[in-house]
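Asks: Protein chains in written order, with this note's numbering: chain A, 3 to 496; chain B, 236 to 1048. Let me give you the structure first, and then I'll get to my questions.
This is how it looks when you write it as structure tokens:
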């Protein structure tokens, strides 16, 4: 779905904002950037000190996205090139390696009028028009080949991906359709209304590229958000945003939270519990019926999902919240959302395990649960794209384990070699055919042998799988699932 | 090799794939080159993210090791899970239900304020708490309402008052605080909320705007026209429903208040029962003390009594009185009301035709007699008070004092549009009452003293009494009637009384000659009206002294509340009670004697009481009585001028003094011979309540007395209908009820119960009397003690003189 939104014209649009932002200042006043003071401005690139998870100091190249002045002290918001945005941070002057600073250069291909110094979009309409007329000719140039390929990470690179043929055949035509509709409507850049993720970042600007919430307190956890989330703007200045653990309502202070807790009697997500085994439960929440919770959940999730969009309301979604029970109540661990009616076989829109619970098997549990639902529905499904890095790893891991489980469980009938079709795998697992194939490929199981395709299980694969399965203790028990799918199309509205 | 020469076919998902172990296929590597024929599937990630350093590292690590290594994971910003105060701020245990949790629809809409109090607010609330009653939740609710009531602009204080249910003082405080806080607040609202889209589309690219409505969806998805229409309908429905909810909310509030009132009333009742307050004394006392604070509604004082009749009658009283107040001018009383209580005064029904004017019956119906007898309570007004909403609405009546107010206990009738001639003097067939009082009678004016022939009295605008004259053949004859003859001393009240009642029914056949007429008149076969003057009073010495005494008592009572007041009120009752009973000659004589005797006794007793009290009081009382007496004398003199108001006033005097016996019911035009044989002793008993009478006063007696009493006063009203003043002096009971509710209910009770309690508990009675007096004085000046209106009247005298000729009060001769 995400790809759908980034067809060629859309990609064209994207450029000016990005480029202008990155290269604007020098265009407007190159002297300032190269001023004798060596002033560090937005768009500069330079190595920035960063400590990796092995506690070693690294000096990865970073781009200055923003500069702020707090009581005379300058802080720089840096994005580490080739690192995920979630690692972007505010750094002090000391961590910058000024010797290797690269000032943003004027890009030859970018017309000067395009290079507005301001990073924020002005009137949307005007900007879009400008983008379209100016940038379209420039689109064919893929970022990789462009002289400035080093820096507009989000911009041209993403465009190139989107424009790549073959990512999804139908997506292209669909996408263009939609886009032409958009422009004919004169509604400039409202994203399409299905799905929950965007890859067309035409709405992306310097504001959404930067984290805006410093810290979120949720129950006994303190979370450092990874991405921008449209919490009320007045709350973004707070050092900590306090969330009610159960209804996810946000408050400005601990006092507010305390007061709220006297009034909030929720001890579990406000929906129907459709699964319970041990301490793990799943709650189903209708995005139309329980707007406030759904919106609060989305706001929270957006902090950790880069491509999630909150542009539209939550009405067409169902939210499945996974909780872990203790004496205080049912604590949210993670969730996934799902379109009530998906035109593209998506069985998951957004999926998230909250950071404190990550890397403990909950993600895979969520994924497993989503496929269990699909099994009940008798459909195959796939997560909405684009996947995040963590999403890809998790899904691949899940797919691999699930498929390997099946393949290794195959018994040979009457002495013959066991065999299975891809469709069968898909039906058994509810994993969409394409995902089965991509997993088989990824695991390098498909081989052409003597005029036919065969699946081969290497020793490594088998060993690795067995080891992984030993660690995978959390499983969904389909007997504990109490779920009746609804035919949402018959309800008229979501 | 041939196997390498052909291209691999496309992977067919529906074709079975044999599964091999690699070790079973040693030659697999030979085929590796064509494996690429299977198209590479996209990862589903954004390309540039796919190339991210940590991901690639993780992927390669996974491929190398088959699973992730700890140091190869994708790093993420840290999260802590060690909030120390977690245990303390999240309340207690939550037990996992056995069943899967199923959320009830609508159970989510707990009406809790969205606003959460912060530390700053807490300081404010704590400070405010010292001054007024407020709790954090209440504060939050208020702020919540204010915030939700505000759009771009904050609500004004006026709007805030409408929004909030609290009292004004609190609203002001909180509003001030809120408006200040809101000004300093960075966000658009104190309740932080996600920015909403703007209609003009300017928010399309605002990253902080989220959860936009999918409005286009409606148009693009299915181009059904009715989609929009039904959407509009739904909106309307929603609006209507929310309105219904509001109304229900209000009903809920009203019913709550009603229940509360009921409970309170019940509680009061129980308390009173426990205290033995069967006749409302304690209640009255309490109410008297509470008087300064004007209650929003009257708490009905229900005398606890066994006599259902007592109550019932009073129930009627209230209604009737109100009706009369309403239609003073034309005294319309629908017939059906008369059917209600024929039994109260059986005498009226039992009265013989000779004694009672039949036409008078409708007027002096049992209920009418009670009309001004003010009840302490009754069921109906009570229920109306309980339903209370009208009272509450009156509180914020924008029309102020001029607004039409429904009185509790009043019945309001739609105008009789079909009847035009429903005046009291028109015949019943025209819809009127055919009231005898409005018949043409022989009439004599006092000044100039002459007989003007047949005339009928009626009450005009402003209470003026008008005379309609009728031509007859005997006009010339009437003019020469010897008035002296009629007013000669030999005409004792006794005969007047006795005869009047007999002649009431006289037909209209006139005798042919003057002497016959005179005879008829003398024998009272013809009614003869003439304005009454004080000089015509041929009251005996006893009565005069009596009058003086009572006056003085009355004044003293007013000036210095005490036993005297009690006796006064008693006296007034007795006076009125005796006044309008029709007596036979013997009865009257007997009564006179008894009266005289009783008055002497009373005088003696009062003197005794005065003697008992300290001397200073005694002297002052004496002094007061003297001065007031002279004042009354002055008044009497002034009363020579006939004016209806003065007449009215005099009447009142008479009533109060009990002299009215002579000239009873001055302005009523016709004397109603309501014979109550059984009442005579009762009346006597009443006149001396402080002596032997009080123990005998049973509720039923009381009722009768009061009913008869009100009959009198009713007549007075009939005569001087528009002038409330006239009623005033008569009895506290009569005056008060018309106005303020609370005072109403209390004053009459005091007046009534005083005599009963006097002998038993004098001290409390004194207090009560005092209370009664206080209350009376609080009633608007028009309805306060006599002295005030008198002055008014005197100042009006000149004006009244002018109209004296045609505006004449009448009395029965």
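Glycine included, each C-beta is placed from N, C-alpha and C at the ideal position.
#1: Using a Cβ cut-off of 9 Å (strictly closer), state whether residue 490 (chain A) contacts chain B.
#2: For chain B, check one thing: does any of its Cβ atoms lie closer than 9 Å to the Cβ of residue 351 (chain A)?
#3: Answer yes or no: do residue 356 (chain B) and residue 329 (chain B) have a C-beta to C-beta separation smaller than 9 Å?
#4: Kindly list, in the order they appear in chain A, the residues whose Cβ is closer than 9 Å to that of residue 435 (chain B).
#5: Could you check what DSSP says for residue 701 (chain B) in three-state terms: helix, strand or coil?
#6: Under DSSP, the alpha helix (DSSP H) around residue 383 (chain B) begins and ends at which residues?
#7: Where residue 695 (chain B) and residue 687 (chain B) are concerned, what is the direct C-alpha to C-alpha distance, given to the nearest angstrom?
#8: Suppose you measure from the CA of residue 476 (chain B) to the CA of residue 339 (chain B); what does that come to, to the nearest Å?
#9: Expressed to the nearest angstrom, what Euclidean distance is found between the alpha-carbon atoms of residue 358 (chain A) and residue 340 (chain A)?
#10: Using a Cβ-Cβ cutoff of less than 8 Å, which residues in the same chain neighbour residue 477 (chain A) once the five nearest sequence positions on both sides are dropped?
#11: If we cut at 9 Å on Cβ distances, does residue 192 (chain A) have a partner in chain E?
#12: Check whether the Cβ of residue 487 (chain A) lies closer than 9 Å to any Cβ atom in chain B.
#13: Short of 8 Å Cβ to Cβ, which residues in the segment 222-246 of chain A face chain B?
#14: Hey, is residue 407 (chain B)'s beta-carbon within less than 9 Å of any beta-carbon in chain A?
#15: Would you mind stating whether residue 211 (chain A) and residue 230 (chain A) have Cβ atoms separated by less than 9 Å?
#16: Quick one: which chain B residues come within Cβ less than 9 Å of residue 404 (chain A)?
#17: Does DSSP put residue 336 (chain B) in a helix, a strand or coil?
#18: The alpha helix (DSSP H) that contains residue 473 (chain A), what's its start and end?
#19: Return the residue from the list A:213, A:479, A:55 that minimises the CA-CA distance to residue 378 (chain A).
#20: Name, please, each residue of chain B whose Cβ falls closer than 9 Å to the Cβ of residue 104 (chain A).
#21: Between the Cα of residue 221 (chain A) and the Cα atoms of A:317, A:333, A:294, A:276, which residue gives the shortest distance?
#22: Can you confirm whether residue 472 (chain B), when its beta carbon is compared against all beta carbons of chain A, has any partner nearer than 9 Å?
#23: Any beta-carbon of chain B closer than 9 Å to the one on residue 49 (chain A)?
#24: With distance defined between alpha-carbon atoms, name the residue in A:323, A:283, A:274 nearest to residue 300 (chain A).
#25: Residue 392 (chain B) to residue 382 (chain B), Cα distance in whole Å?
#26: So, does the segment 406-415 of chain A touch the segment 387-396 of chain A, judging by three or more C-beta pairs under 8 Å?
#27: What separation, rounded to the nearest whole angstrom, lies between the Cα atoms of residue 367 (chain B) and residue 421 (chain B)?
#28: Determine the burial state of residue 63 (chain A): buried for a count of at least 16 other Cβ atoms within 10 Å of its Cβ, exposed for fewer.
#29: Could you tell me the alpha carbon to alpha carbon distance between residue 312 (chain B) and residue 74 (chain A), rounded to whole angstroms?
#30: Grab me the residues of residue 438 (chain A)'s own chain with a C-beta within less than 6 Å of its C-beta, minus the 5 sequence neighbours each way, in chain order.
#31: Using the DSSP secondary-structure output, state which residues sit across from residue 686 (chain B) in a beta bridge.
#32: Going by alpha carbons, who is nearest to residue 261 (chain A) out of B:275, B:266, B:325?
#33: Going along the chain, which unbroken runs of the alpha helix (DSSP H) with 4 or more residues stay wholly within the segment 342-416 of chain A?
#34: Tell me where the alpha helix (DSSP H) around residue 262 (chain A) begins and ends.
#35: Answer yes or no: does any C-beta atom of chain A fall closer than 9 Å to that of residue 429 (chain B)?
#36: Just to check, is the beta-carbon of residue 245 (chain A) closer than 8 Å to a non-hydrogen atom of the ligand SAM?
Replies: Taking the geometry as given:
#1: For residue 490 (chain A), the answer is no, since every Cβ of chain B falls outside 9 Å of its Cβ.
#2: No, no contact with chain B.
#3: No, the Cβ-Cβ distance between residue 356 (chain B) and residue 329 (chain B) is not below 9 Å.
#4: Going along chain A, no residue has its Cβ under 9 Å from residue 435 (chain B), so there is no contact; the nearest lies around 11 Å.
#5: The answer is strand: DSSP assigns residue 701 (chain B) an E or B state.
#6: Note, residue 383 (chain B): alpha helix (DSSP H), 371-384.
#7: Each residue's alpha carbon lies about 19 Å from the other.
#8: Between the alpha carbons of residue 476 (chain B) and residue 339 (chain B) lies a gap of roughly 21 Å.
#9: Take the alpha-carbon of residue 358 (chain A) and the one of residue 340 (chain A): they are about 23 Å apart.
#10: Result list for residue 477 (chain A): 367, 370, in chain order.
#11: Here chain E cannot be found, since the structure's protein chains are A and B.
#12: For residue 487 (chain A), the answer is no, since every Cβ of chain B falls outside 9 Å of its Cβ.
#13: Going along the segment 222-246 of chain A in chain order, one finds 222, 223, 224, 225, 226, 227, 228, 230, 232, 233, 234, 235, 236, 237, 239 with a Cβ nearer than 8 Å to chain B.
#14: In terms of beta-carbon proximity, residue 407 (chain B) stays away from the interface with chain A, with every pair separated by 9 Å or more.
#15: In contact: residue 211 (chain A) and residue 230 (chain A) (Cβ atoms closer than 9 Å).
#16: Simply none; closest approach about 15 Å.
#17: In the three-state DSSP reduction, residue 336 (chain B) falls in the coil class, being neither helix nor strand.
#18: Unbroken alpha helix (DSSP H) run through residue 473 (chain A): 461-473.
#19: Shortest Cα-Cα distance from residue 378 (chain A) to any of A:213, A:479, A:55 involves A:479.
#20: Within 9 Å Cβ-Cβ: nothing; residue 104 (chain A) doesn't reach chain B, min ~19 Å.
#21: Residue A:333 is the option with its Cα nearest to residue 221 (chain A).
#22: No, its Cβ sits nowhere closer than 9 Å to a Cβ of chain A.
#23: Output row for residue 49 (chain A): interface = no.
#24: Considering only A:323, A:283, A:274, the residue with the shortest C-alpha distance to residue 300 (chain A) is A:323.
#25: Going by the C-alpha atoms only, they are around 13 Å apart.
#26: The segment 387-396 of chain A and the segment 406-415 of chain A do not touch, with fewer than three beta-carbon pairs separated by less than 8 Å.
#27: Just so you know, the alpha carbons of residue 367 (chain B) and residue 421 (chain B) end up roughly 30 Å apart.
#28: Per the 10 Å Cβ criterion, buried.
#29: Taking the straight line joining both Cα atoms gives about 27 Å.
#30: Here the set comprises 424, 427, 428.
#31: Beta-bridge partners of residue 686 (chain B) (DSSP): B:679.
#32: Cα-wise, what sits closest to residue 261 (chain A) is B:325.
#33: Taking only runs of at least 4 residues, the alpha helix (DSSP H) segments lying wholly in the segment 342-416 of chain A are 364-379, 391-411.
#34: Residue 262 (chain A) -> alpha helix (DSSP H) spans 256-265.
#35: Yes, contact with chain A.
#36: Ligands in the displayed structure: none, and consequently the ligand SAM is not present.
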